[in-house]
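Protein chains in written order, with my numbering: chain A, 980 to 1292; chain B, 980 to 1292.
(1) Quick check on the DSSP output: what are the complete alpha helix (DSSP H) runs of length 4 or more inside the region 1198-1252 of chain A, in order along the chain?
(2) Can you tell me whether residue 1000(A) is helix, strand or coil according to DSSP?
(3) Can you tell which of 1038(A), 1028(A) and 1043(A) has the C-alpha that lies nearest to the C-alpha of residue 1211(A)?
(4) Which ranges does the beta strand (DSSP E) cover as unbroken runs of at least 3 residues, wholly within the region 992-1060 of chain A, from first to last along the chain?
(5) When burial is assigned at 16 or more other CB atoms within 10 Å of the CB, is residue 1170(A) buried or exposed?
(6) Under 6 Å Cβ to Cβ from residue 1146(A), same chain only, skipping five residues before and after it: list those, please.
(7) If you draw a straight line from the C-alpha of residue 1096(B) to the C-alpha of residue 1040(A), how long is it?
(8) Report the option in 1265(A), 1140(A) and 1208(A) whose CA atom is closest to the CA atom of residue 1198(A).
(9) Taking 8 Å as the cut-off, decide whether the C-beta atoms of residue 1113(A) and residue 1174(A) are in contact.
(10) Contact defined as beta carbons within less than 8 Å: I believe residue 1055(B) pairs with residue 1117(B). What is the distance between those atoms, to the nearest angstrom?
(11) Output yes or no for whether 8 Å exceeds the beta carbon distance between residue 1014(B) and residue 1279(A).
(12) Among residues of its own chain, excluding the 5 on either side of residue 1148(A), which ones have a beta-carbon nearer than 8 Å to its beta-carbon?
(13) Name, going along the chain, the residues of the region 1259-1292 of chain A whose beta-carbon falls closer than 7 Å to a beta-carbon of chain B.
(14) Can you tell me where the alpha helix (DSSP H) holding residue 1090(A) begins and where it ends?
(15) Taking Cβ positions only, does residue 1105(A) come closer than 8 Å to chain B?
(16) Among 1270(B), 1253(B) and 1273(B), which residue has its Cα nearest to the Cα of residue 1291(B)?
(17) Taking only beta-carbon positions, decide if residue 1089(B) is within less than 8 Å of chain A.
(18) Going along the region 1168-1187 of chain B in order, which residues come within less than 9 Å of chain A, judged by CB to CB distance?
(19) Exposed or buried, residue 1225(B), counting other C-beta atoms within 10 Å across all chains shown (16 or more means buried)?
(20) Would the beta-carbon of residue 1203(A) fall within 8 Å of that of residue 1215(A)?
(21) Kindly indicate which three-state DSSP category residue 1183(A) falls into: helix, strand or coil?
(22) Report the three-state DSSP secondary structure of residue 1161(A) (helix, strand or coil).
(23) Run down chain B in chain order and give the residues with a C-beta less than 9 Å from the C-beta of residue 1019(A).
(24) Compute the Euclidean distance between the alpha carbons of residue 1142(B) and residue 1220(B), then round it to the nearest angstrom.
(25) Apart from the five residues on each side of it in sequence, which residues of its chain come closer than 7 Å, Cβ to Cβ, to residue 1236(A)?
(26) Count the other CB atoms within 10 Å of the CB of residue 1194(A); is the residue buried (16 or more) or exposed (fewer)?
(27) Mind checking the region 1234-1253 of chain A against chain B and listing, in chain order, the residues whose C-beta falls within less than 8 Å of any C-beta there?
(28) Any C-beta of chain B sitting closer than 8 Å to the C-beta of residue 1015(A)?
(29) Straight-line CA distance for residue 994(A) to residue 1136(A)?
(30) Would residue 983(B) be called buried (16 or more neighbouring beta carbons within 10 Å of its own) or exposed?
(31) Would residue 1205(B) be called buried (16 or more neighbouring beta carbons within 10 Å of its own) or exposed?
(32) Roughly how many angstroms separate the alpha carbons of residue 1077(A) and residue 1168(B), rounded to a whole number?
(33) Check whether the Cβ atoms of residue 1007(B) and residue 1049(B) sit closer than 8 Å, and answer yes or no.
(34) Would you say residue 1092(A) faces chain B, with C-beta separation under 8 Å as the test?
(35) In three-state terms, what does DSSP make of residue 1145(B)?
(36) According to DSSP, is residue 1266(A) part of a helix, a strand, or is it coil?
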């Protein structure tokens, strides 16, 4: 049955793709088998991360970009890691509706993923879903993640190109620097560019980016202005993604990032395996007992981890 | 020398505390020894996480709260995981200056930590620093983290009490729900409450929180209004922290969270150990070789992780 599903997903059948993503996302028993069957068909998709604080218009931008890429004849995958609550895993209606524009297009694959609360989160589950979309023939996969902070760092590890979205008034230079976004963007987009302060935000970003010492020949991240709700500026954004791909391929950065991504994925899988094994030592009793001893001050966590690993491996 | 440092830190000497935090943060060779020496002296501090999007006034609020807690005679630790860029690790001047109000107070321990880009990030390094501050006699430790997304989920794992900060206009209900913050806050603070829209933000938050089904007898998160820059409302915030401690202790939630925190820490240390070992297999050549084979489509990442684990353990 898995063979059949994989075959249908490779042929680009939407339902098969959706089922496979569910299977890998939930770490089902066939995950390894599926992963092995898909891997030889992967490596072609351009993975684009879109990130930014809540309210900058990530979902609207993603939807507009899907439209533009479809007009260019590309097959597009969307992994919306946002919108969802990290605990409830529930998607919000608004975004589903907006994405609904593309729901009947068989060249678009849309998937909401719940971010996981446990260690590993994005780093672990998202690559599995990316692999399915890649093998299913997506030319571009847009990964929309909420936020600032750790999840942005993680998206850098996953994406070939990282797009950072800001909106006027939320994204002045110092705040951008605080959130650590200057270092991670390959393309910056000031969305809602019809609002007051948009030009100032663009100017401040450009000034701060000019201070980055990227070295000779390095990609210089453009700062674009868009009004995603009216699809304004989205063509330039699609162009910038292509330009970044060409530049990064030429400089070797593309290959370097992909290597790093696979490296991290192998490590993350290995660590997750170990975590699962640690939790299963004596049906979880070993970890409970060690936890109790640390809480009682009898044992420090390092010694506890040593004991657990000794019993695990 | 470590014994002496630990002794001085336990006596609350600032310089010794700072040195110990550096040693544990950098995972220095004496980390285990230090951790073992400190553990019996820990468990007393109230760990308070403060989180919110950039621009809501986390640093100002933290500083004001330090002042209030000091006025109440508490010894206070501050771990500023924000502000810093995840890549540069650099703290920004502005916050240093504001925190400078407390720099000469020997009942306050302030520490900026760089968030780490690698898997584990906060979950791994922060507990080590918390242990030092706890053992050094801090009654309350404020952990200031940037953001929305994964890092917030992580702070929930670390803190006894999680304070979510919002500002008018950034924190309307739907955005709050999107960012997943409703589930994680024990106390909500609408800062900059002198600005337009503050009352509306408070009202929306209360309405959304009222929909949470927390069960009978559960803590009901208050929504407070502050103007941290003028220290307005900070006394009520300090009261709310105490009230949450009393309530959570009575309900058993306090113990449950601490148990979960230690459990996660043991796991995180164990996983980090395994990661380090995986990277060292054949001086890192094994991981490089496996990465290359996955990139070439010869091997899937699961099989690669299996091979690596087999060689590691």
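For each residue, glycine too, the CB sits at the ideal point set by N, CA and C.
In terms of the structure at hand:
(1) 1213-1230
(2) helix
(3) 1043(A)
(4) 1025-1031 and 1055-1059
(5) buried
(6) 1035, 1170 and 1171
(7) Bear in mind that the predicted position of residue 1096(B) carries a pLDDT of just 42, short of 50, making it unreliable; the figure below should be weighed with that in mind. Their Cα atoms are separated by approximately 26 Å.
(8) 1140(A)
(9) no
(10) 6 Å
(11) Contact: yes.
(12) Result list for residue 1148(A): 1174, 1175, 1176 and 1180, in chain order.
(13) Identification of residues in the region 1259-1292 of chain A having a C-beta nearer than 7 Å to some C-beta of chain B yields 1266, 1269, 1270, 1273, 1274, 1276, 1279, 1280, 1281, 1282, 1283, 1284, 1287, 1288 and 1292, given in sequence order.
(14) No alpha helix (DSSP H) holds residue 1090(A); the beta strand (DSSP E) holding it covers 1087-1091.
(15) With 8 Å as the cut-off, residue 1105(A) does not count as an interface residue toward chain B.
(16) 1253(B)
(17) The Cβ of residue 1089(B) sits no closer than 8 Å to any Cβ of chain A.
(18) none
(19) exposed
(20) yes
(21) helix
(22) coil
(23) 1276, 1277 and 1279
(24) Each residue's alpha carbon lies about 9 Å from the other.
(25) 1139
(26) By the neighbour-count rule (16 or more Cβ atoms within 10 Å), residue 1194(A) is not buried but exposed.
(27) 1237, 1238, 1241, 1242, 1243, 1244, 1245, 1246, 1247, 1248, 1249, 1250, 1252 and 1253
(28) yes
(29) So the alpha carbons of these two residues sit roughly 28 Å apart.
(30) exposed
(31) Classification of residue 1205(B): buried, given that the 10 Å Cβ count is 16 or more.
(32) Only weak support is given to the placement of residue 1077(A): the predicted model assigns it a pLDDT of 49, under 50, and the question is left unresolved by the model.
(33) No, the Cβ-Cβ distance between residue 1007(B) and residue 1049(B) is not below 8 Å.
(34) no
(35) strand
(36) The three-state reading of DSSP puts residue 1266(A) in helix, counting H, G and I together.
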